[in-house]
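Comments concern the structure below.
2 protein chains.
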Amino acid sequence: MSLIASSISNSIARPDAETRLDQAPAADHPELRLWLRLFTCSTLVETTIRRRLRAEFGETLPRFDLLAQLAKVPAGLTLSELSKRMMVSNGNLTALVERLVEAGWIERRTSPTDGRAQVARLTAAGRAAFRKMAAAHERWIVEMTGGLATHESEQLMELLAKWKASARRAFEGETAA
Amino acid sequence: MSLIASSISNSIARPDAETRLDQAPAADHPELRLWLRLFTCSTLVETTIRRRLRAEFGETLPRFDLLAQLAKVPAGLTLSELSKRMMVSNGNLTALVERLVEAGWIERRTSPTDGRAQVARLTAAGRAAFRKMAAAHERWIVEMTGGLATHESEQLMELLAKWKASARRAFEGETAA
DNA sequence: CCACGATCCTTTAAGCTTCAAACGTCTCGA
DNA sequence: TCGAGACGTTTGAAGCTTAAAGGATCGTGG
Chain Z
48 MSLIASSISN
58 SIARPDAETR
68 LDQAPAADHP
78 ELRLWLRLFT
88 CSTLVETTIR
98 RRLRAEFGET
108 LPRFDLLAQL
118 AKVPAGLTLS
128 ELSKRMMVSN
138 GNLTALVERL
148 VEAGWIERRT
158 SPTDGRAQVA
168 RLTAAGRAAF
178 RKMAAAHERW
188 IVEMTGGLAT
198 HESEQLMELL
208 AKWKASARRA
218 FEGETAA
Chain X
48 MSLIASSISN
58 SIARPDAETR
68 LDQAPAADHP
78 ELRLWLRLFT
88 CSTLVETTIR
98 RRLRAEFGET
108 LPRFDLLAQL
118 AKVPAGLTLS
128 ELSKRMMVSN
138 GNLTALVERL
148 VEAGWIERRT
158 SPTDGRAQVA
168 RLTAAGRAAF
178 RKMAAAHERW
188 IVEMTGGLAT
198 HESEQLMELL
208 AKWKASARRA
218 FEGETAA
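So, in structure tokens, the structure goes:
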């Protein structure tokens, strides 16, 4: 969480010919405003989910997320596969998995085909716990997306797909270089 | 960071009349897919910014964010005003402000009108440091939004505004209740 | 005037997160 | 077969984050 926000860098230097701050209070470039808005949406949803998860189930979002990933793959996933899907660094998973193993919700074993890899898998208890949370989670998401009509959602999906493509290019350009 | 992902909860219970998984690999409800995609965009952009900020300036995102907020208000902001704008908990700011004061980039003093409030303000050094980072940050954002045409950006702004409204309702319903 | 509730900040404990470095395992080519 | 490099995971240090509890200050209604 953390709001990037617009720069003030050139809002002073800019000549006043284009000074139409009808409703834009401060942000300069439309791209910055767009990013700011996307980020706000994301944070709002995420924070709400996090709070409700804690309040109603005493759970954290990363734990729920990990369970959700495993729920989709009954055979289990390696830790690095998990870290890719959850979009977190791999060093992160060791402790997270550790705690979930202690809770009895997942089990971890060395891959039979690759001595380096650890495979995590849901236990029956973990699956049951997850199922309850997932139902609530789904309701929350639907509630928070309620303001959009069907055709709007579809439009949004497409536009975000485009953005995602741009963003991923920049993202990957990093690790490659 | 943490990817909520779809539930598997009812993907088995659902009758196969509606089983058109042409391209949707796993997610059930369109709302979940939408949220997932928004979240992915957000994380992709955020992670890229974070990495570049570290690589090129040795800075972290929260520090940059705080400077950005202060840059918009020369007179300074109280810590609680900052926490609202940055969308983080207030307990968070104490240490963050502390470190930025040590770096000499901001200064903090008790508000003359309210003995409880601490007002943070950029120093000249902080403003200079921020300016350099802000210019780069702006370039990065523009780069990552490059795939969208002008009319698409505008559309996206509107759709996200609607979503934001829904999400904020849910968000505020929490603290009010 | 003063007690009460609201507000602002800090502290604490627990957990999450990243990066970078280290270690074991695997793969593949010489 | 053996070595180099790639890969999967763990560890450590530093920092971020939250929720909850505590202390200081403010404003207001008695």
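Going down the list, the sequences are from chains Z and X.
My numbering puts the first sequence at residues 48 to 224.
My numbering puts the second sequence at residues 48 to 224.
Where is the CB? At the ideal position from N, CA and C, for every residue including glycine.
| Check | Outcome |
| --- | --- |
| Span of the alpha helix (DSSP H) around X/Leu169 | Run containing X/Leu169: none in the alpha helix (DSSP H); it sits in the beta strand (DSSP E), Gln165 to Leu169. |
| C-beta atoms of X/Ala167 and X/Arg155 nearer than 7 Å | yes |
| Cβ pair X/Arg215, Z/Leu100 closer than 7 Å | no |
| Under 7 Å by beta carbon: chain Z residues contacting X/Gly194 | Lys209, Trp210, Ala212 and Ser213 |
| Whole-Å CB distance - X/Leu206 paired with Z/Leu203, under 8 Å assumed | 5 Å |
| Whole-angstrom distance between X/Gly151 and X/Gln129, CA atom to CA atom | The sequence shown places Leu at residue 129 of chain X, rather than the Gln named in the question. The alpha-carbon atoms of X/Leu129 and X/Gly151 are separated by roughly 18 Å. |
| For X/Leu43, the residue or residues it bridges with in DSSP | For residue 43 of chain X there is no data in the structure shown, the boundaries of chain X being 48 and 224. |
| Cutoff 7 Å: X/Ala73 Cβ touching any chain Z Cβ | Bear in mind that a pLDDT of 49 at X/Ala73, under 50, signals an unreliable position, so the number given afterwards is only what the model happens to contain. Closer than 7 Å: yes. |
| Within-7 Å CB hit, Z/Ile188 to chain X | yes |
| Boundaries of the alpha helix (DSSP H) in which X/Thr34 is found, first to last residue | Nothing about residue 34 of chain X can be read from this structure; chain X reaches only from 48 to 224. |
| Cα-Cα separation between Z/Ala208 and Z/Ala115, rounded to whole angstroms | 22 Å |
| Residues of its chain near X/Ser200, where Cβ-Cβ distance is below 8 Å and the 5 sequence neighbours each way are ignored | Thr192 |
| Assumed close pair X/Leu126, X/Leu140 - CB separation to whole angstroms, cut-off 8 Å | 5 Å |
| CA-to-CA distance, Z/Ala181 to Z/Val144, given in whole angstroms | 19 Å |
| Bridge-paired residues (DSSP) for X/Ile153 | X/Leu169 |
| Sub-7 Å separation of Z/Thr87 and X/Lys211 beta-carbons | yes |
| Whole-angstrom C-beta distance between Z/Glu149 and X/Ala217, which should lie under 8 Å | No, X/Ala217 and Z/Glu149 are not in contact; Cβ-Cβ is about 32 Å, not under 8 Å. |
| DSSP-derived helix/strand/coil call for Z/Met134 | coil |
| Expected contact under 8 Å - CB spacing of Z/Leu117 and Z/Leu169 to nearest Å | 5 Å |
| Contact list for X/Thr95 against chain Z, beta-carbon separation under 8 Å | Ala214, Ala217, Phe218 and Glu221 |
| CB-CB length for X/Leu79 against Z/Ile188, believed under 8 Å | 6 Å |
| Helix, strand or coil at X/Asp112 according to DSSP, with G and I counted as helix | helix |
| For X/Thr90, three-class secondary structure by DSSP | helix |
| Within 8 Å of chain Z by C-beta, residues of the region 124-137 of chain X in sequence order | Arg132, Met133, Met134 and Val135 |
| is_contact[X/Ala60, chain Z] using C-beta, thresh 7 Å | Summary for X/Ala60: the model assigns pLDDT 27, below 50, so the residue's position carries little reliability; its value from the coordinates is reported in the next sentence. Output row for X/Ala60: interface = no. |
| Members of the region 140-172 of chain X that neighbour chain Z once the beta carbon cut-off is set at 8 Å | none |
| Assigned secondary structure, X/Ala196 (DSSP; H/G/I helix, E/B strand, else coil) | coil |
| Beta-carbon proximity of Z/Met134 to Z/Asp112, cut-off 7 Å | no |
| DSSP three-state assignment for X/Glu201, whether helix, strand or coil | helix |
| C-beta neighbour in chain X for Z/Phe104, strict 7 Å | no |
| CA nearest to the CA of X/Ala176, picked from X/Ser213, X/Ser89 and X/Arg110 | X/Arg110 |
| Straight-line Cα distance separating Z/Leu195 from Z/Val120 | 31 Å |
| Length of the line joining the Cα atoms of X/Ile59 and X/Asp75 | Caution is warranted here: a pLDDT of 26 is assigned to X/Ile59, below 50, making its placement in the model unreliable, and no coordinate value can be reported. |
| Neighbouring residues, chain X, relative to Z/His76 (Cβ below 8 Å) | Glu185, Ile188 and Val189 |
| Per-residue burial, X/Ser158 [other beta carbons within 10 Å of its own, 16 or more giving buried] | exposed |
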